[in-house]
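J.:
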Amino acid sequence: QVQLVESGGGLVQAGGSLRLSCAASKRTFSTYTMGWFRRAPGKEREFVATISRSGGSTSYAESVKGRFTISRDNTKNTVYLQMNSLKPEDTAVYYCNARATLTSSDYWGQGTQVTVSS
């Protein structure tokens, strides 16, 4: 099992930037596909971005494409989400996700709040 701890959330004005980090406990971090999801008030959790085990492949939700960038550092067991040009509709709790390669088991962090003011 892997433990995930997010950080970097906060309050920012529209147009601003934030960088989220997610530190994983496992030394086998590089065997997990990593992703970010978010849940806005009153809405279901939704996909934001994902990155392959090596970091060579990424994908994004249409709503964040061109504004958000996911990356990972396997030497630090950490995945990042750089968020630029933030909009009020990006306000949500952001969750880090790790998916195990062999079992497809999902692990989640506790979430970090991002609030974008207009």
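Each residue of the sequence shown is one higher than the last, beginning at 696 in our numbering. Yeah, the Cβ is synthetic: ideal placement off N, Cα and C, and Gly gets one too.
(1) With distances taken Cα to Cα, identify the nearest neighbour of Ser758 among Leu706, Ser780 and Val700.
(2) DSSP on Ser725, reduced to helix/strand/coil?
(3) Pick helix, strand or coil for Glu739, following the three-state DSSP scheme.
(4) As a quick exercise: from Ala756, Pro783 and Ala793, pick the residue whose alpha carbon is nearest that of Thr773.
(5) For Gly751, which of Gly711, Arg767 and Glu739 has the nearest alpha-carbon?
(6) To the nearest angstrom, how far is the alpha carbon of Gln808 from that of Gly705?
(7) Which of the three DSSP states is assigned to Glu784 in this structure?
(8) Select from Arg748, Tyr775 and Thr786 the residue whose C-alpha is nearest the C-alpha of Gly711.
(9) For the beta strand (DSSP E) that contains Leu776, what are its first and last residues?
(10) Compare the beta carbon distance of Arg733 and Arg722 with 8 Å and say whether it is the shorter of the two.
T.: Inspection of the coordinates gives the following:
(1) Ser780
(2) helix
(3) coil
(4) Ala793
(5) Arg767
(6) 6 Å
(7) helix
(8) Thr786
(9) Thr773 to Met778
(10) no
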